[in-house]
Every structure is written in structure tokens, then in C-alpha cells.
Amino acid sequence: MKFFFWFIMMAPGFLYAQTIGNFQSFSFEDITPVWTHFSYDSTLVGHQISNPRAVVGFDGYSHVFTSSDIELEPLIHNGYYYKVSRTLYDVDISGGLIEKIDLNTGKIVWKKSFDLRTSNNREFICRSIIKNGQLILFNLNIITEDPPFPIPIVGVTGFRTEGVLKVRYYDLESSELIEVLESDPFNSDVKKIKSADEFSCRLNILNDSLIEVIEYQLHDSTGARVIIDTLDYNGVYQNTSDTLFSDIMGVDWLDSYWAEAYKVMRDEAGTLYWIDFYVPGDFTLDTARAHIQIYEKEGTKRIMHLPFIDPEPVESWVILGVKEAYILLATYLFEGKSVYYLISKEDGQLIQFFELEKDVDTRIPFFEENGNIMIPITGESIDNKYFLDFWQLDNQRLKLQYQFKLQQENYQILPERMVRLDDGNYLVTVMITEKQSNGFLKGRFMTDFLISPEMLENGLVNTKDISVNRTPLIYPNPSFGSCNVQFQNRLTGNFKLLGPDGKIWKVGGFINQDRLKLNFQDLPNGLYYLSIQAESFLNAYPIVLQK
Numbered sequence: 008m009k010f011f012f013w014f015i016m017m018a019p020g021f022l023y024a025q026t027i028g029n030f031q032s033f034s035f036e037d038i039t040p041v042w043t044h045f046s047y048d049s050t051l052v053g054h055q056i057s058n059p060r061a062v063v064g065f066d067g068y069s070h071v072f073t074s075s076d077i078e079l080e081p082l083i084h085n086g087y088y089y090k091v092s093r094t095l096y097d098v099d100i101s102g103g104l105i106e107k108i109d110l111n112t113g114k115i116v117w118k119k120s121f122d123l124r125t126s127n128n129r130e131f132i133c134r135s136i137i138k139n140g141q142l143i144l145f146n147l148n149i150i151t152e153d154p155p156f157p158i159p160i161v162g163v164t165g166f167r168t169e170g171v172l173k174v175r176y177y178d179l180e181s182s183e184l185i186e187v188l189e190s191d192p193f194n195s196d197v198k199k200i201k202s203a204d205e206f207s208c209r210l211n212i213l214n215d216s217l218i219e220v221i222e223y224q225l226h227d228s229t230g231a232r233v234i235i236d237t238l239d240y241n242g243v244y245q246n247t248s249d250t251l252f253s254d255i256m257g258v259d260w261l262d263s264y265w266a267e268a269y270k271v272m273r274d275e276a277g278t279l280y281w282i283d284f285y286v287p288g289d290f291t292l293d294t295a296r297a298h299i300q301i302y303e304k305e306g307t308k309r310i311m312h313l314p315f316i317d318p319e320p321v322e323s324w325v326i327l328g329v330k331e332a333y334i335l336l337a338t339y340l341f342e343g344k345s346v347y348y349l350i351s352k353e354d355g356q357l358i359q360f361f362e363l364e365k366d367v368d369t370r371i372p373f374f375e376e377n378g379n380i381m382i383p384i385t386g387e388s389i390d391n392k393y394f395l396d397f398w399q400l401d402n403q404r405l406k407l408q409y410q411f412k413l414q415q416e417n418y419q420i421l422p423e424r425m426v427r428l429d430d431g432n433y434l435v436t437v438m439i440t441e442k443q444s445n446g447f448l449k450g451r452f453m454t455d456f457l458i459s460p461e462m463l464e465n466g467l468v469n470t471k472d473i474s475v476n477r478t479p480l481i482y483p484n485p486s487f488g489s490c491n492v493q494f495q496n497r498l499t500g501n502f503k504l505l506g507p508d509g510k511i512w513k514v515g516g517f518i519n520q521d522r523l524k525l526n527f528q529d530l531p532n533g534l535y536y537l538s539i540q541a542e543s544f545l546n547a548y549p550i551v552l553q554k
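So this note's numbering is basically just the index in the sequence shown, starting at one, shifted up by 7.
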């Protein structure tokens, strides 16, 4: 049995490895952003913790947790950016910070905070929406008691922590708290909701009186399942739970790698997408497998198969985005690579894919309806000054497009989110930290900055062959009589199928094709090598024939 804490992997040591840091307003050598905004909770600045958990420590200044998993896209309304963040106290998520920011200037219009630290309780923000001139927060009142030792029960083991629904209404203009709806934790008709901060439990707002709770579960021998409940704003069940079960049968779920994050999403039409997968553990001979279960709003179910992905090297599968025409899927491999797939929403065909050779300090790539993808990544260090890199998918190739160097030595930018606004500017959410020689990160300072397309061009990298992955996808492999070869773009060339002794078994050519289908029914079982010569590259790939 393996647990896979994706959130912690994305931000290693976020809570445990934190030491007191000195905030510096960062700056680039190449550009000056239109504006930069640093989020902090002034009610916690300099606050002294009197209980034993003080030994764990925190940054002593900002206390603001990441906000990009509350809403995938920033909350923007009438020219203002409403930033809703979770806040930390006693090493753990405990309350929230709300900021109204002028998008043109980056200046704060108002700031509001709430925290339950004085009542030995915690409040966990799940969702935020704007409606009828009000900012509405859908939170959980955590009912799981704090343990007597310093462990972040919400921030780290959030899917084991429970709470009941609490709804806050704020006036957009004045920031006044208008109303609070609190659920009764002692009412058996009130749902106990898991406080996962990585989308294993997701709230969707249905209307002015109902919400939907979608919970992904994988903690026992039953197997993966999705539980859907409809609640009113007092947290009371409005129907019996609807449970969707994995289609993967006959495997040992107790000996598997468990991953909690980004498994289930609804699109704007209400269609539900669930990446249903099984990753074998250390003591089973079961095979890895994965597909996407799709449920239309009226209940129709269909399966989207993923034959172009070899599931064996995959440690975790995630759905990062569902747009009008595309699904953005990512796999994280045991060897440390990340592979992203852009899939047609209509027929499940692979549109394009790209691979990153190292773990990426980002949550979700910047992803547009036209298929454009850009990924901000923490770059390398030169003379103790780190770069912020922007990688872009260009003509089926991933390359380093823009690069900016920080002026401050030993300070890093860890990107959280990047979006393009209606005016063409880019809003980038990052974490600023000072990296120490022992690998600990000194302080966690959540920051937003605005840059224009012209500013991005100032960081244009004059190279064309950085991190290009031209490896075709060959599936299925082992082959049971035929296989497909998927290129990243259309190519013209030829191929040979050779045995281990160099004997040529098949030859052929292709003109302006991005996919080949090869038939091996007339060949004996065994190991072969597919040699492909196309334009500027020549490579051989092993194929196992097992009819």
C-alpha cells in the first residue's frame, strides 16, 4: 500500500521544512512588472504561539497558504481581482484572507481576514464565487480535533480531516460580512465533508440554495470510487449518495499506489470526467491500466480509452483541465518525468503531447482553447541568481521560450498559476522563497504580478532546440499482432522492422503522416526493433510481439 501526496510533492517541505524568512520584494534584471502584490495576514504578524507547537515554526510574517486550488482561475469581476487565500496558524490551515485588488494598478482596495485560532478550531476554504454583488465563500468548520503533537492535520492529511459546511457572504464594495450560515455538526442529516486541499473532494455550486460535493475515495479493498452528494447551504443531504465505481476489476486495491489529487472534474456543461486508474504496488502481479469515465448530465456513461499511453511507468494520473474542445491530462512517472497529453474531448484522439525531463514546480500549465500551452517553471541558478522560465508548446515541440533572472541572490520563484486576462496581460501567481544550502526553504511569500506580452518578449530565448522530445508513442507494446506509431507532428520517411540479429522483417515508407499502423500477424513472437528514419532523425525502438 502506497500513499502519494501530490500536493506535498509539488511543494516539498511546505509546512515541515519552513524556517523564519525575511521578505524581500523581488525584482527581475530584465523587466519591471506592471505591478507586484504580496499577500500577508497582518493580524498574524509577530504573533507569538504559546503552546508546544511553536517549536515547528513558521515564517513569522505572511502566514498565507496557496490559493490556486480554491479556484482554478482567478476570481475577477468588474476590473478587480478578488484573491481568496487560506491562512496558517500553529503550522496548519486555520482561516482565510480576502483581498480586493485593482487589476490596473495592483493596489489593495480592501483586505479582510478571519481565523479561528482562539477557539481551538479551524476553518477551511473550499470555493469562492461572486453573485448578486456579494463574494460568497463556501468553507468547512473543521470538527476533527487537533492532535497533541505538531502535525498539520488539514494541510497535509486533509482528506482525513472532516468539517461541516459554513457559508460566508461579503459585500463586494465595503467588505462587510453580511451573513454567515453554519451547519449543525450534531445533526445526522448534515454531511461531514473531507477538507482535502488538492481536489480529492470538490464542491460545485449548483444554484442559490444547493451545492454538490464530489468526493474521490481510494482507501480500502473496495477500489476507487466517486461519491456525489447534493446539499443545501446548511449542509443537509437533499438526496441519497450517488456512487460511481471503478471499472477496473480483479486487482489488489490494497497493494496499489494511492493518489488523491485532480481526479474528477466537471466541464461547464455539467459533464463529469473521472480518470479511473490502477497503479500496482510492490507485491502484486496485476497490470497497470487507466481510462476516463465520462458521465453526461442526464446520466449517460461512456468510456474514453487511452491506448496511446503506456500505463506501466506511471505513478499518478491527473486531469488538469477540461475545456470546450480538449482535455489536458498529465502523468507523473516513477522516474521523475512529467508527461502532458492534450486529448480531443469529442473522440479521445491524441492531439499532442510533451514531456518534461524533471519535476515541475507548477500546478497547472497555462492552457487556452486553441491548444496553446505555456508552463512557467523555476529555472536554474547562475551566480546564485535563479531564473524564471516560460516553456511553450510550439509546432508540436516544447521549448524554452522566455527567461528572466531574479536580482536577489538565493531567492526562487515557484510558480502556482498563470492566466491571460481579457486585455492580453498575464496574471502570474507565485511563491517567493529564499533557498538555503541545507535544502530548506526560508519563508513562503505568496505573490502575484502582472506582465504584458511585450514584457514577455523581452525575455525571448534565442535557441531552437532546448528540451525537444521527438520520441514517438508506440502502442500497444507488447503488441498482440499490430501496433500504432504516433509522431508528434507530420513526417515523411521510412521504417524497418529488425530482429535482434539484424534480420530485416518488414520495410515501408510514409508521406506526411503523424500516425502509422503496423501489422505483425505473420511474424513469430519475440523481440524486434523498429527503426524509423524521418527527416532529421534516425532512431530504433524495441517492440515485443506476444500473440
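Every residue, glycine too, gets a C-beta built ideally from N, C-alpha and C.
**Prompt:** Quick check: the segment 503-517 against the segment 531-538, are there 3 or more CB pairs under 8 Å?
**Reply:** yes
**Request:** Please name the residue in Ser202, Ile137, Asp178 whose C-alpha comes closest to that of Asn146.
**Result:** Here residue 146 refers to the residue found at position 139 of the sequence shown. Nearest option by C-alpha distance: Ser202.
**Prompt:** How long is the line joining the alpha carbons of Trp260 and Val271, rounded to whole angstroms?
**Reply:** What you label residue 260 is simply residue 253 of the sequence shown in a count that begins at 1. What you label residue 271 is simply residue 264 of the sequence shown in a count that begins at 1. So the two alpha carbons sit approximately 19 Å from each other.
**Request:** Reducing DSSP to helix, strand and coil, say where Glu362 ends up.
**Result:** The residue given as residue 362 occupies position 355 in the sequence shown. Strand, per DSSP.
**Assigned exposure category for Met438 - 16 Cβ within 10 Å defines buried** = Stepping through the sequence shown from its first residue, residue 438 is reached at position 431. With 16 or more other Cβ atoms within 10 Å, it is buried.
**Request:** Enumerate in chain order the residues of its own chain whose CB-to-CB distance from Pro549 is below 7 Å, with the five nearest sequence positions on each side excluded.
**Result:** Counted from its first residue, the sequence shown places residue 549 at position 542. Once the five neighbours on either side are set aside, the close Cβ partners of Pro549 are Leu534, Tyr536.
**Asked** What distance in whole Å lies between the Cβ atoms of Pro81 and Leu327, which are believed to be in contact at a cut-off of 8 Å?
**Response** Residue mapping note: residue 327 aligns to position 320 of the sequence shown, counting from 1. Residue mapping note: residue 81 aligns to position 74 of the sequence shown, counting from 1. The pair is not a contact, with the Cβ atoms about 16 Å apart (cut-off 8 Å).
**Asked** Going by Cα to Cα distance, which pick from Tyr88, Ile185, Leu523 is closest to Ser46?
**Response** The residue given as residue 46 occupies position 39 in the sequence shown. Cα-wise, what sits closest to Ser46 is Tyr88.
**Prompt:** According to the Cβ coordinates, are Leu457 and Val91 closer than 8 Å?
**Reply:** As a first step, residue 457 must be located in the sequence shown, where it is residue number 450. As a first step, residue 91 must be located in the sequence shown, where it is residue number 84. For Leu457 and Val91, no; Cβs fall outside 8 Å.
**Item:** Span of the alpha helix (DSSP H), counted from its first residue to its last, around Met462
**Value:** Walking along the sequence shown from the start, residue 462 turns up at place 455. From DSSP, the alpha helix (DSSP H) with Met462 extends over 460-465.
**Request:** Enumerate in chain order the residues of its own chain whose CB-to-CB distance from Arg273 is below 7 Å, with the five nearest sequence positions on each side excluded.
**Result:** Numbered from its first residue, the sequence shown carries residue 273 at position 266. Cβ within range, chain order: Asn211, Leu279.
**Request:** Starting from the C-beta of Gln245, find all residues in its chain whose C-beta is less than 7 Å away, skip the five residues before and the five after it, and write them out in chain order.
**Result:** The sequence position of residue 245 within the sequence shown is 238, counting from 1. Excluding sequence neighbours, Gln245 sits near Leu217, Thr237, Leu238, Asp239.
**Item:** Close-in-space but distant-in-sequence residues of the same chain around Leu480 (CB under 6 Å, 5 per side omitted)
**Value:** Within the sequence shown, the letter at position 473 stands for residue 480. If we look at Leu480 and ignore the five residues flanking it on each side, its Cβ neighbours are Phe315, Gln493.
**Asked** Given Glu78, which residues of its chain have a CB within under 8 Å of its CB, disregarding the five upstream and five downstream residues?
**Response** Numbered from its first residue, the sequence shown carries residue 78 at position 71. Closer than 8 Å at the Cβ level, and outside the excluded window around Glu78, lie Val91, Arg134, Ser135.
**Prompt:** What's the C-alpha gap between Glu423 and Asp37?
**Reply:** As a first step, residue 423 must be located in the sequence shown, where it is residue number 416. As a first step, residue 37 must be located in the sequence shown, where it is residue number 30. C-alpha separation (whole angstroms): 21 Å.
**Request:** Thinking Lys321 and Val286 are a contact (beta carbons under 8 Å), I'd like their distance in whole angstroms, please.
**Result:** Translated into the one-based positions of the sequence shown, residue 321 becomes position 314. Translated into the one-based positions of the sequence shown, residue 286 becomes position 279. Note on identity: in this sequence residue 321 is Val, with Lys being the wrong assignment. Contact holds; Cβ gap of about 7 Å.
**Asked** Which residue comes first and which comes last in the beta strand (DSSP E) that contains Ala541?
**Response** Here residue 541 refers to the residue found at position 534 of the sequence shown. Ala541 -> beta strand (DSSP E) spans 533-541.
**Request:** Pick out whichever of Ile105, Gln414, Thr112 has its Cα sitting closest to the Cα of Ile137.
**Result:** For the purposes of this step, residue 137 is taken as the residue at position 130 of the sequence shown. Among Ile105, Gln414, Thr112, the Cα nearest to that of Ile137 is on Ile105.
**Message:** Beta-carbon within less than 6 Å of Pro192's beta-carbon, same chain only, minus the 5 sequence neighbours each way: which residues are those?
**Reply:** One-based indexing of the sequence shown puts residue 192 at position 185. Excluding sequence neighbours, Pro192 sits near Ile150, Val171.
**Message:** Please list the terminal residues of the continuous beta strand (DSSP E) segment that includes Ser345.
**Reply:** Stepping through the sequence shown from its first residue, residue 345 is reached at position 338. Counting along the chain, the beta strand (DSSP E) containing Ser345 begins and ends at 345-351.
**Request:** Going by CA-CA distance only, name the one from Val329, Lys119, Ile115, Leu95 that's closest to Phe131.
**Result:** Residue 131 sits at position 124 when you count from the first residue of the sequence shown. Among Val329, Lys119, Ile115, Leu95, the Cα nearest to that of Phe131 is on Leu95.
**Sub-8 Å separation of Phe411 and Leu395 beta-carbons** = As a working mapping, residue 411 is identified with position 404 in the sequence shown. As a working mapping, residue 395 is identified with position 388 in the sequence shown. For Phe411 and Leu395, yes; Cβs fall inside 8 Å.
**Asked** In terms of residues, what are the limits of the beta strand (DSSP E) holding Ala297?
**Response** The residue given as residue 297 occupies position 290 in the sequence shown. Its beta strand (DSSP E) spans residues 296-302.
**Prompt:** DSSP on Gln224, reduced to helix/strand/coil?
**Reply:** In the sequence shown, the residue the question calls residue 224 occupies position 217. Strand.
**Asked** Apart from the five residues just before and just after Glu186, which ones in its own chain have a Cβ nearer than 6 Å to its Cβ?
**Response** As a working note, residue 186 is residue 179 in the sequence shown. Same-chain partners within the cutoff: Tyr176.
**Prompt:** So who's on the other strand from Trp260, going by DSSP bridges?
**Reply:** Start at 1 with the first residue of the sequence shown, and residue 260 comes out as number 253. In the DSSP output, where bridge partners are listed per residue, Trp260 has none listed.
**Asked** Among Ile282, Leu313, Met462, which has the Cα closest to the Cα of Tyr302?
**Response** Counting from one through the sequence shown, the residue named residue 302 turns up at place 295. Closest by alpha carbon: Ile282.
**Request:** Return yes when the Cβ of Asn496 is within less than 8 Å of the Cβ of Leu521, no when it is not.
**Result:** Residue mapping note: residue 521 aligns to position 514 of the sequence shown, counting from 1. Residue mapping note: residue 496 aligns to position 489 of the sequence shown, counting from 1. In the sequence on display, residue 521 carries Asp and not Leu. Yes, Cβ-Cβ distance for Asp521 and Asn496 is below 8 Å.
**Prompt:** Taking just the CA atoms, how far does Pro531 sit from Ile310?
**Reply:** For the purposes of this step, residue 310 is taken as residue 303 along the sequence shown, with counting starting at 1. For the purposes of this step, residue 531 is taken as residue 524 along the sequence shown, with counting starting at 1. Approximately 33 Å, taken between the alpha carbons.
**Message:** Could you tell me the alpha carbon to alpha carbon distance between Ser75 and Glu305, rounded to whole angstroms?
**Reply:** Here residue 75 refers to the residue found at position 68 of the sequence shown. Here residue 305 refers to the residue found at position 298 of the sequence shown. Cα to Cα, Ser75 sits roughly 30 Å from Glu305.
**Prompt:** So, is Pro460 buried or exposed, given that buried needs 16 or more other C-beta atoms within 10 angstroms?
**Reply:** Numbered from 1 along the sequence shown, position 453 holds the residue referred to as residue 460. That one is exposed.
**Item:** Three-way DSSP call (helix, strand, coil) for Val41 in this model
**Value:** On the sequence shown, residue 41 is found 34 positions in, with the first residue counted as 1. In the structure shown, Val41 sits in coil (DSSP, three-state: anything other than H, G, I, E or B).
**Prompt:** So what does DSSP say about Ile439, is it helix, strand or coil?
**Reply:** Your numbering for residue 439 matches position 432 in the sequence shown. Strand.
**Item:** As assigned by DSSP and simplified to three states, the class of Pro6
**Value:** No information on residue 6 is available, as it lies outside the stretch 8 to 554 that the chain covers here.
**Prompt:** Considering Ser135, what are the terminal residues of the beta strand (DSSP E) in which it resides?
**Reply:** Position 128 of the sequence shown, counted from the first residue, corresponds to residue 135. Where Ser135 is concerned, the enclosing beta strand (DSSP E) stretches over 129-138.
**Request:** Would you mind sorting His298 into buried or exposed? The rule is 16 or more other CB atoms within 10 Å of its CB.
**Result:** Taking the sequence shown and counting its residues from 1, one reaches residue 298 at position 291. It counts as buried.
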